[in-house]
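Inspection log for the structure reproduced underneath, given as structure tokens.
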Amino acid sequence: MAGNLGNLLRYLSIRHLLRHRLRTLLGFFAIALGVALYVSAEVANTSVIAALEDSGRELSGRAEWQVMRGHSLGIETAMLAKVRAIEGAVAAPVIQTSAAMVAPAKASLLLLGVDFASDAMLRLWRPSDAAAAAPIDAATVFATLTTPNAILLARPLAERLAVRRGDAVTLDTRAGRQELVVTGLLEPEGPVRAVGGDLGVIGIGQAQRLFRSEGIVDRIDVAGASREALLAACPGCVVEPVRRFEPLVEDSLARLRSLVAISLIAVLVGIFIVYNTVAVAVVERFKEIGTLRAIGATRAEIQRTLLVEWAIVGAFGSVAGVAGGWLLAKLLVDFTAESFNVLAQVVHVRAIVIEPTTVLVGLALGLSATLAAAWLPVRRALQHPPVAILRAHDFRRRESFRSVFVLGVLCLVAGACLIWALRHWMTAGLVSTGLFFLGLALALPQLTTWIARRCRPLLARLCRVEGFLAADNTAKFPQRTALTVTALGGALAMMVASATFIESFRTASMRWLEYTLPFDLAVSSTDLSRAIYGGNPFPAAIAAEVARQPAVADCYAVRAGFCDVDGRNVMVVAVEMAGFARAQALRPEHASRRRFEEKGILPGLLAGDGLCISDNFAHLYGCRPGDTVSIATRAGPKSFRVLATVEDYSWPRGCVVVDLAAYRKLFDDTTLSYVDVVLRPGVARDEARAQLAQALGGAYSVYVFARSDIQQIAGDALDRLMALSNVQVLIALVIGLLGIVNTLWISVLHRTREVGLLRAIGMTRAQIARTVVLEALLMATVGGGVGIALGLLGGWYPLRLFTLQMTGFWTPMVVPWGYVAAAAGLSLAIGAAAAWAPARSASRLDVLDAIGYE
Amino acid sequence: MIRFQDVSKTYTQGARQVQALSHVTHTIERGEFVAVMGPSGSGKSTFLHLAAGLDLPTSGQLFVDGAATHAMSDDELTHLRRNRTGLVFQFFNLVPTLTVLENTALPLLIAGHRLAAVRARAEALLERVGLRDRLQHLPEELSGGEIQRVAIARALVTDPQVLLADEPTGNLDSATGGEILALLAATSKERTVVMVTHDAKAAGIAERRIELRDGRLG
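Here the protein sequences come in this chain order: Z and V.
If you count by our numbering, then the first sequence holds residues 1 to 854, one letter each, in order.
If you count by our numbering, then the second sequence holds residues 1001 to 1218, one letter each, in order.
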């Protein structure tokens, strides 16, 4: 058996693949691109996760647990003694925050406040002694932190900023701008390696003064004690493993994981191309297959040979796909890290990590996709007796697609029904998408025949003989045409669906920003263009400073952070409600969208025992007005009555809105994130912006944003998300293009004798070329129509439902007309581009050779 | 050698049933050279295809060398074709990507033999059909007559007991056709040859003729 398989492969398969290089390459690229997309998405995932885990590991050192009152609540330093009383426990207090450096250069760094004596037992610190006369030990360097306003910097950061020992740096803190003196440098080892070495260290006492409150730290890191012992020693505290991801990070990781799902759709598109290619190759070799069967090759031998032949193409394609995926991952990782860091600077990816399992899965995916695509056409070809195969032209005409059409419709219906399961089973989305693709591929051959017949009179009227020949040719091999249309349509559907979803979200959130928030300018403690969340707040005194400015008619303060509500970490937005109500009153044009003006809500908020929840919070957690929720505080849980739901797109896991006074009482935190400003009538916005920046910029780092700036920043973040999926869509479109080229080329080959006859009886070369181009445009038009329709359907319900399940956001659908037009234009452009070479080839056929072709 | 026992064959063409052969009973003895004649649509090719095991009868019994082919599985028929019969088609049916030598050796390659091991046999046959100097040429570089000679060489490479030829000169000019017929006649001394033809002159080289008309033996 091995002998004849080897012979058949060597003398038939390999030669056929080499002889028909273009077709072989089309199948190869289809698989390679699909696998590359999958591998790149997986590698981007694992690289970012690895960077986050590395960062967490380096920061945590030997520590196993972190003890705190709750997320964002910190813990009293007095609890340290109780933890250290546990036998064998090593405990160190930590304050960890992102800090913005203002001078000598603008930079962001991770700042740790530590007590060196205890911290050195958990983490490795190595001072830089490059410029010292003798080796310096860490204790000596850390001892410098007892001097007021001392800071240690990571050596790479210092070198980048051209800062040396003894130089001063200025940081933004809760107490305003603070000048600190660099008393030592640290080598990039241990925690200093985290976040790419952008790290500074100050003493714990100084950290409390500048970034927290007296007597409070963010957490106590512990090693050498069990969780049970810690819970017993610290009742009412939360004890968690040190490497838990923050909610910001979890949210961004979820988006990254969605790329893997999109990439699997691209693999599906690749499968269709390979199926098409193999089906055409088998049909072209009918006579050869018939001959082999006639002279003694069994069905099994031929099937094995053809499957191994395509397995070889699939294997090479998969290997190329893995390599290409690794290269593409670098781009995706850069993109992803940038989008992560826009939310809050948390990740620095040092290396592209490709797991062996990713390689194996990528290879298996490509190979199995190729075999799955090749199996059916090969099997169908071999079902018939040799004499029937030898009469291949009769064999083709007997194919009917009506029963397959019914099966296709059933798959589409099943896919649509499965969307309802999205409410309970997230993977249903992917399965449903697969069913849609399959249903389309099965239904389209018959649909293509109907469409081509319907279009024939119109094309005949518009384009005469070229038109109806194009329609006839499209209908002649409906299965081949259908698969091409499915591949192109699938790629366009991905593009339109993503655009529909993002544009719907963008419109809703921009409208919310425009009409619901009554400010003209927002004075922020954070440069929102660099990091939307995170960053440090500024002191409460800034609100009074803002109110004193002549351009300001009114203002209100806002504090945004995170807290645990009923055990779930959500965003808390604390608004100075009285000021907010006044600002709303100054906006009569937005009267219909005023928040908190329904009876009982504002008084309830001001009383401090009620809160509002965002719509997505209500959906995610099944919470309604009238319910009671519990917010974790250092003093224990506090109950609040839910007064109302409000439209709010601040956070995908939901947010609660409280009055600022209530927040301060809950968390003993007087700092602010924003001061929102309503300008006096007639004051120019830019003039006011400059005035505020000048008045406040001495003591604080402030960033003044117009509402339109914030909309722009939010829009940019959405665009980055769109860009990620656009890369994948682009590759899927390339696969679709390859599919049309493949189909047209085979169509030209099959019609060589027909083309010769047409030329012989008077059709010009240009007319022949036009026929091919029209055929391509007809395919592309059907593909474009299918893609746009499916994309709008996908964006209308399943994607929104998926988003609702993940984030609780349900936005009214907005048709992205720009993208729809782009999809239509793109499909025609792809059709025209794909037709160029086959049309040229067809028009250049020699008449006599073509007539004699067999 | 080849015995048809009340064999009928019906095809479906679109909506209608076509009776290609109707209750044919006939025996071709070992070593005979038989020409099967008849007008277009008379069932000649169907007769040959059944004898070759390329197709199965709708009813009746068919025996090749005592083996009941009507009851064989597809694999058994395939092995019969591989080992005991040689086929020559009207439209040559060479594999376009293989050289003359490889096309000739193809049945043996299918059986698992290495080309080096069967090269001598293939070359000898090609010498016999006058193509010794065309071993490395592809079919597209050959004339119609040369292609058919390669096909005959291929059909003989397994030394079959039966050679079946379907209109072997149908696509050739008269001179070339004559050469092919001479080759077939030469091989008939060693084996049974059944040749389908509508050409009376071609049928003249056979020892015996049978006539088919509307699927029945005349």
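Cβ atoms here follow ideal geometry from the backbone N, Cα and C, with glycine treated the same way.
None of the values given here were measured: they were computed from a predicted structure.
Next on the checklist: Applying the 10 Å Cβ sphere with the 16-neighbour rule, what's the burial state of residue 187 of chain Z?
Outcome noted: With 16 or more other Cβ atoms from the protein chains shown falling within 10 Å of its own Cβ, residue 187 of chain Z counts as buried.
Next on the checklist: Taking the beta carbon of residue 137 of chain Z as the centre, do at least 16 other beta carbons fall within 10 Å, making it buried, or is it exposed?
Outcome noted: The residue is exposed, with fewer than 16 neighbouring Cβ atoms inside 10 Å.
Checklist entry - How would you list, in chain order, the residues of chain Z whose beta-carbon sits under 8 Å from the beta-carbon of residue 1219 of chain V? => result The first residue shown for chain V is 1001 and the last is 1218, placing residue 1219 of chain V beyond what the model contains.
Checklist entry - Mind listing which residues of the segment 16-35 of chain Z have their C-beta closer than 8 Å to chain C's C-betas, in chain order? => result Among the protein chains in the structure shown, which are Z and V, there is no chain C.
Checklist entry - Which one or two residues does DSSP pair with residue 1011 of chain V in a beta bridge? => result Residue 1011 of chain V pairs with V:1018.
Item to check | With 16 other Cβ atoms within 10 Å as the buried cut-off, status of residue 65 of chain Z | outcome: So residue 65 of chain Z counts as buried.
Next on the checklist: Output needed in chain order: residues of the segment 1080-1091 of chain V with a Cβ under 7 Å from some Cβ in chain Z.
Outcome noted: Answer set for the segment 1080-1091 of chain V: 1081, 1082 and 1087.
Item to check | Proximal residues to residue 639 of chain Z (C-beta, below 6 Å), its chain only, five neighbours per side dropped | outcome: Counting only Cβ-Cβ distances below 6 Å, and skipping sequence neighbours, we find 628 and 630.
Item to check | Nonlocal neighbours in the same chain, by C-beta distance under 6 Å from residue 814 of chain Z, ignoring five residues either side | outcome: Cβ-Cβ distances below 6 Å link residue 814 of chain Z to 503, 504 and 507 in the same chain, with the five nearest sequence neighbours on each side left out; the list follows chain order.
Checklist entry - So what's residue 93 of chain Z in DSSP terms, helix, strand or just coil? => result Under the three-state reduction of DSSP output, residue 93 of chain Z falls in the strand class.
Next on the checklist: Excluding the 5 residues flanking residue 1013 of chain V on each side, which residues of the same chain have their C-beta closer than 7 Å to its C-beta?
Outcome noted: Counting only Cβ-Cβ distances below 7 Å, and skipping sequence neighbours, we find nothing.
Checklist entry - residue 435 of chain Z to residue 1064 of chain V, Cα distance in whole Å? => result A direct Cα-to-Cα measurement between residue 435 of chain Z and residue 1064 of chain V gives close to 50 Å.
Item to check | Within chain Z, partners of residue 1227 of chain V - CB distance below 7 Å | outcome: No statement about residue 1227 of chain V is possible, as the shown extent of chain V runs from 1001 to 1218 and does not include it.
Checklist entry - CA-CA distance, residue 1030 of chain V and residue 1166 of chain V? => result Taking the straight line from one Cα to the other gives about 19 Å.
Checklist entry - Which value, in whole angstroms, describes the spacing of the CA atoms of residue 16 of chain Z and residue 473 of chain Z? => result Looking at the backbone, the Cα of residue 16 of chain Z and that of residue 473 of chain Z are separated by about 26 Å.
Checklist entry - My guess is that residue 443 of chain Z and residue 405 of chain Z are in contact by the Cβ rule of under 8 Å, so how many angstroms apart are they, rounded? => result Between residue 443 of chain Z and residue 405 of chain Z a beta carbon distance of about 5 Å is seen, short of the 8 Å cut, so the two are scored as contacting.
Item to check | Host beta strand (DSSP E) of residue 66 of chain Z (start-end) | outcome: For residue 66 of chain Z, the uninterrupted beta strand (DSSP E) run begins and ends at 65-68, by DSSP.
Item to check | Neighbour flag for residue 1198 of chain V against chain Z, beta carbons, 8 Å | outcome: Closer than 8 Å: no.
Checklist entry - Taking only beta-carbon atoms, is residue 12 of chain Z less than 8 Å away from chain V? => result Output row for residue 12 of chain Z: interface = yes.
Next on the checklist: With a threshold of 8 Å between beta-carbons, can residue 395 of chain Z be considered close to chain V, or not?
Outcome noted: Residue confidence for residue 395 of chain Z is low, a pLDDT of 42 falling below 50, so the modelled location carries little weight; the figure read from the coordinates is stated next. With a threshold of 8 Å between beta carbons, residue 395 of chain Z makes no contact with chain V.
Checklist entry - How about residue 330 of chain Z: is its C-beta nearer than 8 Å to some C-beta of chain V? => result No, no contact with chain V.
Item to check | C-alpha distance - residue 163 of chain Z paired with residue 99 of chain Z, whole-angstrom precision | outcome: C-alpha separation (whole angstroms): 17 Å.
Item to check | Distance CB(residue 1232 of chain V)-CB(residue 1210 of chain V) smaller than 8 Å | outcome: Nothing can be reported for residue 1232 of chain V: it is not among the residues displayed for chain V, which extend from 1001 to 1218.
Item to check | Members of the segment 1162-1188 of chain V near chain Z, C-beta cut-off 8 Å | outcome: Contact residues of the segment 1162-1188 of chain V toward chain Z are absent (C-beta to C-beta distance below 8 Å).
Item to check | residue 583 of chain Z classed as buried or exposed, judged by whether at least 16 other C-beta atoms fall within 10 angstroms | outcome: That one is buried.
Checklist entry - At least one CB of chain V closer than 8 Å to the CB of residue 288 of chain Z: is that the case? => result Chain V places a beta carbon closer than 8 Å to that of residue 288 of chain Z, counting this residue as a contact.
Next on the checklist: Looking at the strands, I want to know which residues DSSP matches up with residue 1166 of chain V.
Outcome noted: Note: residue 1166 of chain V sits in a beta bridge opposite V:1196.
Checklist entry - What whole-angstrom Cβ distance do residue 22 of chain Z and residue 745 of chain Z have, given they're in contact under 8 Å? => result At roughly 7 Å, the Cβ-Cβ gap stays under 8 Å, so residue 22 of chain Z and residue 745 of chain Z are in contact.
Checklist entry - What residues in its chain sit with their C-beta under 8 Å from that of residue 229 of chain Z, if we drop five residues either side in the sequence? => result Same-chain partners within the cutoff: 86 and 89.
Checklist entry - So which residues on chain Z does residue 1102 of chain V lean against when the C-beta distance must stay under 8 Å? => result Here the neighbours are 11.
Next on the checklist: Is the beta carbon of residue 1070 of chain V closer than 8 Å to that of residue 1080 of chain V?
Outcome noted: No, Cβ-Cβ distance for residue 1080 of chain V and residue 1070 of chain V is not below 8 Å.
Next on the checklist: Between residue 1097 of chain V and chain Z, is the shortest Cβ-Cβ distance under 8 Å, so that the two count as touching?
Outcome noted: Using beta-carbon distances, residue 1097 of chain V counts as an interface residue toward chain Z, with a partner under 8 Å.
Next on the checklist: residue 839 of chain Z and residue 773 of chain Z - do their beta-carbons sit closer together than 8 Å?
Outcome noted: The answer is yes: Cβ separation under 8 Å.
Checklist entry - Taking just the CA atoms, how far does residue 1150 of chain V sit from residue 1139 of chain V? => result One C-alpha to the other measures close to 9 Å.
Checklist entry - What residue range is occupied by the uninterrupted beta strand (DSSP E) comprising residue 596 of chain Z? => result Annotation: residue 596 of chain Z is outside any beta strand (DSSP E) and is labelled neither H nor E by DSSP.
Next on the checklist: Which same chain residues end up closer than 7 Å to residue 1129 of chain V when comparing Cβ atoms and leaving out the 5 residues on each side of it in sequence?
Outcome noted: The beta carbon of residue 1129 of chain V lies closer than 7 Å to those of 1149, 1152, 1153 and 1183 in the same chain, with the five residues before and after it left out.
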